[in-house]
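Enquirer:
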Amino acid sequence: MRAAADAAFYSKQRDAEGLVAMANAQGTYLRTLLDAVDNDYTAMRDFLMINNGVYQDIAKTNSVAIRDLQPKISVWNHGGADQGMNGGGNGNGNGNAMNDIAGLYKMLPPILDTVYEQTGMQLPAWIGTLGGAEPKPSLLAQQPRG
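Our numbering numbers the first residue of the sequence shown as 72 and each following residue consecutively.
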């Protein structure tokens, strides 16, 4: 019984010594990197992120996130090139401010329609509703329960 306990203790002690040695080696590695980039923490961080594949992982995650999106491209034109944002000004910022605000409000419904079509997200009812928009079922409601 005592021999088994001594063996377990010796094993755990060796594991701990290995962890200390690894931590010391990592500290030496980081100090060497920091010296190589003249104590520029940003450069060291960027190197470590590139070296450890962080940017590649971010790109993969982003590609998975947008893979199933079905983008809709909309072009909103509220007047000619010489009429500013909403057709009420002269294009150089000297138009009527109320016309510019009205033009902004005219753009909101198509923007909100596009957001709804692509994501199923709607504004809270107290802000307003889009005509004919019915909420999409949430992903949680579609998953089988078990």
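Just so you know, even glycine gets a beta-carbon here, dropped at the ideal spot from N, CA and C.
Measure the alpha-carbon distance for G124 versus Y187 and round it to whole angstroms.
Expert: 35 Å
Enquirer: Comparing C-alpha positions only, which one of I137, D171, Q127 and F118 sits nearest to T103?
Expert: F118
Enquirer: Is G174 buried or exposed, if buried means 16 or more other CB atoms sit within 10 Å of its CB?
Expert: buried
Enquirer: Check P142 in the structure and name its three-state DSSP category.
Expert: Residue state, collapsed to three classes: coil.
Enquirer: Using the Cβ count rule (16 or more neighbours within 10 Å means buried), how would you classify D153?
Expert: Annotation note: pLDDT 49 at D153 (below 50); position unreliable, no value reported.
Enquirer: If you reduce the DSSP assignment to three classes, tell me which class N123 lands in.
Expert: coil
Enquirer: Does L194 come out as helix, strand or coil in the three-state DSSP assignment?
Expert: coil
Enquirer: Comparing alpha-carbon positions, which option in Y100, M178, N167 and Q189 lies nearest R138?
Expert: Q189
Enquirer: Following the continuous alpha helix (DSSP H) through N95, name the residue where it begins and the one where it ends.
Expert: R73 to A107
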